Amino acid sequence: MEHMSRRPPIPRPPIDPYILALLATVALAALLPASGAAADAAGGISTGAIALLFFLYGARLSTGEALDGLRHWRLHVTVLAATFVVFPLLGLAARGLVPVVLTPALYGGLLFLCLVPSTIQSSIAFTSMARGNVPAAICAGSFSSLAGIVLTPLLAALLLGGPAGGFSAGSLLRIALQLLLPFLAGQLLRRWVAGFLTRHKKVLGYVDRGSILLVVYTAFSEGMTEGVWHQVTPARLAALLGVEAVLLAAMLALTWYGAGRLGFGREDRIAIQFAGSKKSLAAGLPMASVLFGAHASLAVLPLMLFHQMQLMVCAVIAGRRANDPVPVPPPAGPRPAEPARR
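All letters in the sequence shown, in the order written, are residues 8 to 349 by my numbering.
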(Lines of atoms letter the chains of each structure in order from A and count residues from 1; the text may use other names and numbers.)
(Lines give C-alpha, C1' and ligand atoms only; values in the text may rest on other atoms or scores of the structure.)
Protein backbone atom coordinates (compact mmCIF):
# COMPACT_ATOMS: atom_id res chain seq x y z
CA MET A 1 0.00 0.00 0.00
CA GLU A 2 1.44 3.30 -1.01
CA HIS A 3 1.81 6.05 1.54
CA MET A 4 -0.14 9.17 0.74
CA SER A 5 2.08 12.23 0.36
CA ARG A 6 1.51 14.86 2.98
CA ARG A 7 1.40 18.54 2.26
CA PRO A 8 3.94 20.59 4.17
CA PRO A 9 2.25 22.29 7.12
CA ILE A 10 1.43 25.96 6.88
CA PRO A 11 3.97 27.78 9.07
CA ARG A 12 2.82 29.51 12.18
CA PRO A 13 2.64 33.29 11.91
CA PRO A 14 6.00 34.42 13.23
CA ILE A 15 6.41 36.80 16.12
CA ASP A 16 9.63 38.55 15.26
CA PRO A 17 11.97 38.46 18.30
CA TYR A 18 13.32 41.79 17.17
CA ILE A 19 9.87 43.33 17.61
CA LEU A 20 9.94 42.09 21.21
CA ALA A 21 13.33 43.77 21.65
CA LEU A 22 11.93 46.98 20.17
CA LEU A 23 8.94 46.87 22.53
CA ALA A 24 11.29 46.30 25.48
CA THR A 25 13.31 49.33 24.34
CA VAL A 26 10.13 51.41 24.17
CA ALA A 27 9.22 50.29 27.70
CA LEU A 28 12.71 51.22 28.93
CA ALA A 29 12.38 54.67 27.37
CA ALA A 30 8.99 55.09 29.04
CA LEU A 31 10.32 54.10 32.47
CA LEU A 32 13.81 55.61 32.24
CA PRO A 33 13.87 58.26 29.51
CA ALA A 34 17.17 59.95 28.80
CA SER A 35 17.14 63.62 29.75
CA GLY A 36 19.56 66.49 30.13
CA ALA A 37 23.19 65.63 29.44
CA ALA A 38 22.32 61.95 29.02
CA ALA A 39 19.84 62.85 26.28
CA ASP A 40 22.48 64.98 24.51
CA ALA A 41 24.97 62.11 24.66
CA ALA A 42 22.40 59.57 23.47
CA GLY A 43 21.42 61.88 20.62
CA GLY A 44 25.02 62.26 19.48
CA ILE A 45 25.63 58.51 19.63
CA SER A 46 22.36 57.90 17.80
CA THR A 47 23.41 60.25 15.00
CA GLY A 48 26.66 58.34 14.59
CA ALA A 49 24.80 55.01 14.70
CA ILE A 50 22.49 56.11 11.88
CA ALA A 51 25.47 57.12 9.72
CA LEU A 52 27.14 53.75 10.45
CA LEU A 53 23.95 51.89 9.54
CA PHE A 54 23.69 53.50 6.13
CA PHE A 55 27.40 53.07 5.48
CA LEU A 56 26.93 49.33 6.09
CA TYR A 57 23.83 49.27 3.88
CA GLY A 58 25.82 50.84 1.05
CA ALA A 59 28.81 48.56 1.52
CA ARG A 60 26.68 45.41 1.52
CA LEU A 61 24.48 46.24 -1.45
CA SER A 62 25.95 44.84 -4.64
CA THR A 63 25.07 47.38 -7.30
CA GLY A 64 26.38 45.02 -9.99
CA GLU A 65 23.96 42.26 -8.98
CA ALA A 66 21.11 44.74 -8.90
CA LEU A 67 21.97 46.03 -12.36
CA ASP A 68 22.13 42.47 -13.68
CA GLY A 69 18.41 42.23 -12.99
CA LEU A 70 17.52 45.09 -15.33
CA ARG A 71 16.54 42.56 -17.98
CA HIS A 72 13.39 41.95 -15.92
CA TRP A 73 12.65 45.68 -15.82
CA ARG A 74 8.85 45.34 -16.04
CA LEU A 75 8.74 43.46 -12.75
CA HIS A 76 10.98 46.00 -11.00
CA VAL A 77 8.99 48.95 -12.31
CA THR A 78 5.82 47.28 -11.02
CA VAL A 79 7.31 46.83 -7.53
CA LEU A 80 8.62 50.40 -7.46
CA ALA A 81 5.21 51.71 -8.55
CA ALA A 82 3.52 49.74 -5.76
CA THR A 83 6.03 50.98 -3.18
CA PHE A 84 6.37 54.64 -4.13
CA VAL A 85 3.12 55.41 -5.99
CA VAL A 86 0.25 53.18 -4.87
CA PHE A 87 1.24 53.08 -1.20
CA PRO A 88 1.54 56.91 -0.96
CA LEU A 89 -1.79 57.37 -2.75
CA LEU A 90 -3.50 55.09 -0.24
CA GLY A 91 -1.77 57.00 2.55
CA LEU A 92 -3.08 60.28 1.20
CA ALA A 93 -6.57 58.79 0.96
CA ALA A 94 -6.38 57.99 4.67
CA ARG A 95 -6.21 61.72 5.43
CA GLY A 96 -10.00 61.63 5.52
CA LEU A 97 -9.73 59.62 8.76
CA VAL A 98 -8.29 62.64 10.62
CA PRO A 99 -9.28 63.58 13.31
CA VAL A 100 -12.18 61.16 13.90
CA VAL A 101 -10.18 57.91 13.60
CA LEU A 102 -6.53 59.01 13.68
CA THR A 103 -4.81 61.94 15.34
CA PRO A 104 -2.72 64.19 13.06
CA ALA A 105 0.48 62.78 14.59
CA LEU A 106 -0.55 59.15 14.04
CA TYR A 107 -1.66 59.98 10.51
CA GLY A 108 1.77 61.53 9.87
CA GLY A 109 3.35 58.25 10.96
CA LEU A 110 0.96 56.25 8.79
CA LEU A 111 1.75 58.40 5.76
CA PHE A 112 5.48 58.09 6.47
CA LEU A 113 5.04 54.31 6.57
CA CYS A 114 3.65 54.50 3.03
CA LEU A 115 6.81 56.29 1.83
CA VAL A 116 9.39 53.82 3.19
CA PRO A 117 11.16 51.43 0.75
CA SER A 118 10.43 47.73 0.60
CA THR A 119 12.24 45.25 2.78
CA ILE A 120 14.75 42.84 1.26
CA GLN A 121 15.28 39.93 3.65
CA SER A 122 11.69 38.96 4.40
CA SER A 123 10.61 39.49 0.79
CA ILE A 124 13.25 37.01 -0.33
CA ALA A 125 12.39 34.54 2.45
CA PHE A 126 8.66 34.54 1.71
CA THR A 127 9.18 34.42 -2.06
CA SER A 128 11.42 31.39 -1.62
CA MET A 129 8.92 29.72 0.72
CA ALA A 130 6.11 30.25 -1.80
CA ARG A 131 8.26 28.93 -4.69
CA GLY A 132 8.38 32.26 -6.45
CA ASN A 133 11.04 34.10 -8.47
CA VAL A 134 13.75 34.56 -5.82
CA PRO A 135 16.34 36.35 -8.06
CA ALA A 136 13.63 38.85 -9.01
CA ALA A 137 12.77 39.40 -5.34
CA ILE A 138 16.44 40.06 -4.56
CA CYS A 139 16.76 42.60 -7.37
CA ALA A 140 13.41 44.23 -6.58
CA GLY A 141 14.37 44.71 -2.94
CA SER A 142 17.76 46.11 -3.95
CA PHE A 143 16.20 48.58 -6.40
CA SER A 144 13.68 49.66 -3.78
CA SER A 145 16.42 50.27 -1.20
CA LEU A 146 18.48 52.29 -3.66
CA ALA A 147 15.49 54.34 -4.74
CA GLY A 148 14.30 54.84 -1.17
CA ILE A 149 17.49 56.64 -0.16
CA VAL A 150 16.41 59.46 -2.46
CA LEU A 151 12.65 59.03 -2.97
CA THR A 152 11.58 58.63 0.66
CA PRO A 153 13.04 62.00 1.80
CA LEU A 154 11.76 63.74 -1.33
CA LEU A 155 8.26 62.33 -0.94
CA ALA A 156 8.36 63.22 2.76
CA ALA A 157 9.31 66.79 1.88
CA LEU A 158 6.42 66.93 -0.58
CA LEU A 159 3.70 65.20 1.46
CA LEU A 160 4.67 65.66 5.12
CA GLY A 161 5.28 69.39 5.14
CA GLY A 162 3.69 71.44 7.90
CA PRO A 163 3.19 70.92 11.59
CA ALA A 164 1.51 67.52 11.24
CA GLY A 165 4.56 66.00 9.69
CA GLY A 166 7.21 67.95 11.52
CA PHE A 167 9.25 68.11 8.32
CA SER A 168 11.40 71.09 7.45
CA ALA A 169 13.72 72.06 4.61
CA GLY A 170 16.69 71.46 6.93
CA SER A 171 15.69 67.79 7.09
CA LEU A 172 16.86 67.37 3.50
CA LEU A 173 20.35 68.50 4.50
CA ARG A 174 20.33 66.16 7.50
CA ILE A 175 19.19 63.32 5.22
CA ALA A 176 22.06 64.05 2.83
CA LEU A 177 24.65 64.16 5.62
CA GLN A 178 23.38 61.30 7.80
CA LEU A 179 21.96 58.90 5.23
CA LEU A 180 22.92 59.58 1.63
CA LEU A 181 26.58 60.50 2.16
CA PRO A 182 27.40 57.43 4.33
CA PHE A 183 25.49 55.19 1.90
CA LEU A 184 27.50 56.50 -1.07
CA ALA A 185 30.72 56.11 0.93
CA GLY A 186 29.81 52.48 1.58
CA GLN A 187 29.20 51.91 -2.12
CA LEU A 188 32.52 53.52 -3.07
CA LEU A 189 34.47 51.50 -0.48
CA ARG A 190 32.61 48.24 -1.08
CA ARG A 191 35.40 46.63 -3.09
CA TRP A 192 37.77 47.00 -0.12
CA VAL A 193 35.43 46.26 2.78
CA ALA A 194 33.03 43.67 1.31
CA GLY A 195 35.25 40.76 2.34
CA PHE A 196 35.50 42.01 5.91
CA LEU A 197 31.73 42.49 6.09
CA THR A 198 31.13 38.97 4.79
CA ARG A 199 33.53 37.39 7.29
CA HIS A 200 31.97 39.26 10.22
CA LYS A 201 28.38 39.15 9.01
CA LYS A 202 26.95 37.78 12.27
CA VAL A 203 28.70 40.31 14.51
CA LEU A 204 27.77 43.21 12.24
CA GLY A 205 24.16 42.01 12.30
CA TYR A 206 24.17 42.65 16.04
CA VAL A 207 25.70 46.08 15.37
CA ASP A 208 22.85 46.85 12.95
CA ARG A 209 20.13 45.85 15.35
CA GLY A 210 21.79 47.41 18.36
CA SER A 211 22.11 50.69 16.48
CA ILE A 212 18.42 50.68 15.60
CA LEU A 213 17.49 49.90 19.22
CA LEU A 214 19.56 52.92 20.27
CA VAL A 215 17.76 55.08 17.70
CA VAL A 216 14.39 53.88 19.03
CA TYR A 217 15.40 54.51 22.65
CA THR A 218 16.56 58.04 21.84
CA ALA A 219 13.42 58.85 19.83
CA PHE A 220 11.02 57.50 22.43
CA SER A 221 12.92 59.16 25.28
CA GLU A 222 12.61 62.49 23.51
CA GLY A 223 8.93 61.81 22.92
CA MET A 224 8.41 61.07 26.62
CA THR A 225 10.12 64.27 27.75
CA GLU A 226 8.11 66.27 25.17
CA GLY A 227 4.85 64.64 26.31
CA VAL A 228 3.78 63.52 22.85
CA TRP A 229 2.60 60.13 24.11
CA HIS A 230 -0.41 61.70 25.81
CA GLN A 231 -1.97 61.78 22.33
CA VAL A 232 -2.20 57.97 22.11
CA THR A 233 -5.13 56.20 23.77
CA PRO A 234 -6.06 52.49 23.56
CA ALA A 235 -8.96 53.40 21.26
CA ARG A 236 -6.66 55.33 18.91
CA LEU A 237 -4.19 52.43 18.93
CA ALA A 238 -6.94 49.95 18.03
CA ALA A 239 -8.11 52.25 15.25
CA LEU A 240 -4.55 52.48 13.89
CA LEU A 241 -4.28 48.67 13.83
CA GLY A 242 -7.55 48.45 11.93
CA VAL A 243 -6.45 51.02 9.36
CA GLU A 244 -3.13 49.22 8.85
CA ALA A 245 -4.89 45.88 8.42
CA VAL A 246 -7.01 47.39 5.64
CA LEU A 247 -3.90 48.97 4.06
CA LEU A 248 -2.00 45.68 4.06
CA ALA A 249 -4.96 43.73 2.68
CA ALA A 250 -5.41 46.29 -0.10
CA MET A 251 -1.74 46.13 -1.13
CA LEU A 252 -1.62 42.32 -1.04
CA ALA A 253 -4.69 42.18 -3.29
CA LEU A 254 -3.51 44.92 -5.65
CA THR A 255 -0.04 43.45 -6.13
CA TRP A 256 -1.32 39.91 -6.71
CA TYR A 257 -4.28 40.58 -8.99
CA GLY A 258 -2.69 43.63 -10.61
CA ALA A 259 0.40 41.60 -11.55
CA GLY A 260 -1.90 38.98 -13.04
CA ARG A 261 -3.67 41.58 -15.16
CA LEU A 262 -0.28 42.82 -16.36
CA GLY A 263 0.51 39.35 -17.71
CA PHE A 264 3.08 38.14 -15.17
CA GLY A 265 3.38 34.43 -14.47
CA ARG A 266 2.90 32.76 -11.09
CA GLU A 267 6.52 33.01 -9.90
CA ASP A 268 6.78 36.67 -10.85
CA ARG A 269 3.43 37.47 -9.24
CA ILE A 270 4.67 35.97 -5.98
CA ALA A 271 7.81 38.13 -6.05
CA ILE A 272 5.76 41.24 -6.86
CA GLN A 273 3.25 40.55 -4.09
CA PHE A 274 5.84 40.06 -1.36
CA ALA A 275 8.24 42.80 -2.48
CA GLY A 276 5.50 45.30 -3.31
CA SER A 277 3.39 44.98 -0.17
CA LYS A 278 6.00 45.26 2.58
CA LYS A 279 7.92 48.08 4.22
CA SER A 280 11.43 48.12 5.68
CA LEU A 281 11.70 48.66 9.43
CA ALA A 282 15.50 48.83 9.22
CA ALA A 283 15.44 51.70 6.71
CA GLY A 284 12.38 53.48 8.10
CA LEU A 285 13.39 53.85 11.75
CA PRO A 286 16.62 55.80 11.13
CA MET A 287 14.92 57.96 8.50
CA ALA A 288 12.08 58.80 10.89
CA SER A 289 14.58 59.81 13.57
CA VAL A 290 16.15 62.30 11.18
CA LEU A 291 12.89 63.59 9.72
CA PHE A 292 10.64 63.92 12.76
CA GLY A 293 12.88 64.82 15.69
CA ALA A 294 10.87 64.88 18.94
CA HIS A 295 7.84 63.39 17.17
CA ALA A 296 9.79 60.39 15.83
CA SER A 297 8.31 58.08 18.46
CA LEU A 298 4.78 58.53 17.14
CA ALA A 299 6.05 58.46 13.57
CA VAL A 300 7.68 55.03 13.93
CA LEU A 301 4.82 53.43 15.89
CA PRO A 302 2.72 52.71 12.75
CA LEU A 303 5.79 51.27 11.01
CA MET A 304 6.61 48.96 13.94
CA LEU A 305 3.04 47.67 14.07
CA PHE A 306 2.84 47.24 10.30
CA HIS A 307 6.14 45.34 10.27
CA GLN A 308 4.87 42.67 12.64
CA MET A 309 1.50 42.49 10.88
CA GLN A 310 3.10 41.98 7.47
CA LEU A 311 5.29 39.16 8.81
CA MET A 312 2.33 37.30 10.30
CA VAL A 313 0.04 37.67 7.29
CA CYS A 314 2.71 36.99 4.65
CA ALA A 315 3.86 33.84 6.48
CA VAL A 316 0.36 32.39 6.11
CA ILE A 317 0.11 33.46 2.45
CA ALA A 318 3.55 32.02 1.63
CA GLY A 319 2.58 28.71 3.24
CA ARG A 320 -0.58 28.52 1.15
CA ARG A 321 1.24 29.50 -2.04
CA ALA A 322 3.76 26.71 -1.37
CA ASN A 323 0.87 24.20 -1.48
CA ASP A 324 -0.49 25.51 -4.79
CA PRO A 325 -0.31 22.95 -7.61
CA VAL A 326 2.33 23.97 -10.11
CA PRO A 327 1.93 22.68 -13.68
CA VAL A 328 4.77 20.40 -14.67
CA PRO A 329 5.97 20.73 -18.27
CA PRO A 330 6.01 17.49 -20.30
CA PRO A 331 9.40 15.77 -20.45
CA ALA A 332 11.55 16.67 -23.39
CA GLY A 333 12.04 13.82 -25.85
CA PRO A 334 12.25 12.97 -29.52
CA ARG A 335 9.33 14.12 -31.58
CA PRO A 336 7.18 11.34 -33.00
CA ALA A 337 8.02 10.48 -36.58
CA GLU A 338 5.69 11.82 -39.22
CA PRO A 339 3.77 9.24 -41.20
CA ALA A 340 5.37 8.39 -44.49
CA ARG A 341 3.83 10.04 -47.50
CA ARG A 342 2.72 7.87 -50.36
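We treat Cβ as the ideally placed atom computed from N, Cα and C, and that holds for glycine. None of these values were measured; they are calculated from a predicted model.
Sorted by chain position, which residues of the same chain lie with C-beta nearer than 7 Å to residue i's C-beta, five sequence neighbours on each side aside?
i    : result
T371 : The chain is shown only over 8 to 349; residue 371 falls outside these bounds and no answer can be derived.
A88  : none
W263 : R276, Q280
M316 : E251, A252, L255
P40  : S228, M231, T232
I52  : L221
A257 : L97
A56  : S218, L221, V222
R216 : Y25
May I have the straight-line CA-CA distance separating residue i from residue j, to the nearest angstrom?
i    : j    : result
F190 : T159 : 14 Å
A163 : L122 : 7 Å
P111 : G230 : 15 Å
V214 : R268 : 43 Å
P95  : W80  : 22 Å
A171 : V105 : Here A171 scores only 41 on pLDDT, less than 50, and its place in the model should not be relied on; the value that follows carries that caveat. Taking the straight line from one Cα to the other gives about 11 Å.
F203 : K209 : 11 Å
A322 : L186 : 31 Å
L27  : A34  : 10 Å
D331 : R273 : 10 Å
A49  : G115 : 25 Å
G43  : A143 : 48 Å
A153 : L318 : Reading off the sequence shown, one finds Leu at residue 153, where the question assumed Ala. L153 and L318: Cα-Cα distance of roughly 22 Å.
F299 : L288 : 16 Å
L30  : V320 : 20 Å
W199 : A100 : 46 Å
R327 : A45  : 49 Å
V107 : R206 : 52 Å
T240 : L195 : 46 Å
F62  : T54  : 13 Å
I145 : G103 : 36 Å
G249 : R78  : 39 Å
G265 : V84  : 13 Å
With a threshold of 6 Å on Cβ separation, who are the neighbours of residue i within its own chain once the five nearest residues in sequence on each side are excluded?
i    : result
T32  : L220, V223, Y224
A226 : S296, A303, S304
V307 : L292, A295
E9   : Low confidence applies here, because E9 scores a pLDDT of 43, under 50, leaving its location unreliable; read the following figure in that light. Closer than 6 Å at Cβ, skipping near neighbours: no residue.
Check whether the Cβ atoms of residue i and residue j sit closer than 8 Å, and answer yes or no.
i    : j    : result
F119 : L167 : yes
N140 : D47  : no
A66  : G193 : yes
L113 : G98  : no
S130 : F281 : yes
A329 : R138 : yes
L259 : P309 : no
V86  : A147 : yes
M136 : A290 : no
L261 : V92  : no
S242 : L82  : Per the sequence shown, the amino acid found at residue 242 is Ala instead of Ser. No, Cβ-Cβ distance for A242 and L82 is not below 8 Å.
Using a Cβ-Cβ cut-off of 8 Å (strictly less than) and excluding sequence neighbours within five positions of residue i, which residues of its own chain qualify?
i    : result
F313 : L120, E251, L254, L255, K286
L59  : P189, V214, S218
V157 : L187
Pick from the options: whose alpha carbon is nearest that of residue i?
i    : options                : result
Y25  : V323, M311, A246, L305 : M311
G212 : L180, Q128, R243       : Q128
G201 : T54, S69, I52          : According to the sequence provided, residue 201 is Ala. The question's Gly does not apply to it. It is S69 whose Cα lies nearest to the Cα of A201.
R181 : T240, V239, L161       : L161
G155 : Y64, A245, T240        : Y64
L244 : G103, G265, L109, R102 : L109
Could you tell me whether any non-hydrogen atom of the ligand SAM is closer than 7 Å to the CB of residue i?
i   : result
L38 : By its list of ligands, the structure shown contains no ligand whatsoever, and the ligand SAM lies outside what it can speak to.
| request: Give, in chain order, every unbroken run of the alpha helix (DSSP H) that is at least 4 residues long and sits entirely within the stretch 152-220. | output: Assignment of alpha helix (DSSP H) within the stretch 152-220, counting only whole runs of 4 or more residues, yields 176-182, 188-195, 197-206 in chain order.
Write down every uninterrupted run of the alpha helix (DSSP H) in the stretch 82-132 whose length is 4 residues or greater and which is fully enclosed by it, in chain order.
You should have 94-100, 111-120.
Quick check on the DSSP output: what are the complete alpha helix (DSSP H) runs of length 4 or more inside the stretch 256-325, in order along the chain? Taken in chain order, the complete alpha helix (DSSP H) segments of 4 or more residues contained in the stretch 256-325 are 273-283, 288-299.
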